[in-house]
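Using UniProt numbering, the letters of the sequence shown map in sequence onto residues 1 to 199. For glycine and all other residues, C-beta sits at the position ideal for the given N, C-alpha and C.
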Amino acid sequence: MICDECQTEISGTYFKQGERNICEKDYEAKYRKKCSKCEKSITGSYYNAKDNKFVCADCYKSDLGGSMDCRKCGKEVSGGELVRALDGLFHPDCFRCFKCNLSLSDKSVSFIPDEKKNIYCKDCYHKTFSPRCCGCQEMIIPKAGEKSVSKLSALGKDWHPECFKCEECSVLFSGPDGQKCYPLEEVPLCMDCHKAKFT
1 MICDECQTEI SGTYFKQGER NICEKDYEAK YRKKCSKCEK SITGSYYNAK
51 DNKFVCADCY KSDLGGSMDC RKCGKEVSGG ELVRALDGLF HPDCFRCFKC
101 NLSLSDKSVS FIPDEKKNIY CKDCYHKTFS PRCCGCQEMI IPKAGEKSVS
151 KLSALGKDWH PECFKCEECS VLFSGPDGQK CYPLEEVPLC MDCHKAKFT
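Written out as structure tokens, the structure is:
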């Protein structure tokens, strides 16, 4: 049998590329995946690096500080699909919201980690950690399409700026035309309503 690459007689191991027969030497040189870090031929498991280059399991493991274990189940993540997040690896089925168990392995689903690196879907994170407005009792979170939100802290409580108003007459305390707040027993009141309580 003749190698379709170098046109020499094949003795020993050969590889098929479609209908073509290729000797081991030419296959190694031209077709076998090579690690983009150590340049060695990749045998067994390999990974796609961020730049879509191949990385052997040893180099990938080295980049992760030596661990190829799933951060959730503790079992080794080898071959196949994986999720790399929060400086660690996860099996795709293990990359789930800590609270509701929603799969977060789809790139279109947002996730947020807490201080202990537990991962939450956006909704569960906000329900668990976002402050509630003392005025309307709703969570103080960004609206759809927004990345930030204004929060006002007064009287030891959190408020939406539009909810921080006089408890009696509803005049706003925030904004350019906002009145000053004259609290009475931690109840926000404007000056007129505060005075009225004493007359």
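- According to the DSSP secondary-structure assignment, S41 is paired through a beta bridge with K34.
- For F54, there is no enclosing alpha helix (DSSP H); the residue is found in the beta strand (DSSP E) stretching over 54 to 56.
- In chain order, M1, I2, C3, D4, I10, Y14, F15 place their CB closer than 8 Å to the CB of N21, counting only its own chain and leaving out the 5 sequence neighbours on each side.
- Contact annotation: D123 and F98 have beta-carbon atoms that are not nearer than 9 Å.
- Beta-bridge analysis with DSSP links K157 to A154.
- Listed in chain order, the alpha helix (DSSP H) runs fully inside the UniProt domain "LIM zinc-binding" (132 to 199) are 191 to 196, counting runs of at least 4 residues.
- The residues H194, K197, in chain order, have a CB closer than 8 Å to that of L184 in the same chain once the five nearest residues on each side in sequence are set aside.
- Nearest C-alpha to K53 among K37, P188, R84: K37.
- In the DSSP assignment, L89 forms a beta bridge with C70, R84.
- In the three-state reduction of the DSSP assignment, C23 falls in the strand class, which pools E and B.
- Listed in chain order, the non-local C-beta contacts of I119 below 8 Å within the same chain comprise A85, L86, F95, R96, C97, F98, L104, F111, I112, P113, local neighbours out to five positions each way being set aside.
- The beta carbon of E28 sits closer than 8 Å to those of S41, all from its chain and outside the five residues before and after it, given in chain order.
- In this structure R71 is buried. Its beta-carbon is surrounded by 16 or more other beta-carbon atoms within 10 angstroms.
- With fewer than 16 neighbouring CB atoms inside 10 Å of its own CB, Y31 falls in the exposed class.
- Spanning the alpha carbons of Y60 and V77 requires a straight line of approximately 11 Å.
- Going by DSSP, F98 is part of no alpha helix (DSSP H) at all; its letter is neither H nor E.
- Collapsing the DSSP output to three states places K116 in coil.
- Taking 9 Å as the cut-off, the Cβ atoms of P188 and D158 do not count as close.
- The Cβ atoms of H160 and C136 sit closer than 9 Å to each other.
- Within the model, the alpha-carbon separation for E24 versus C6 is close to 11 Å.
- For K16, the uninterrupted beta strand (DSSP E) run begins and ends at 14 to 17, by DSSP.
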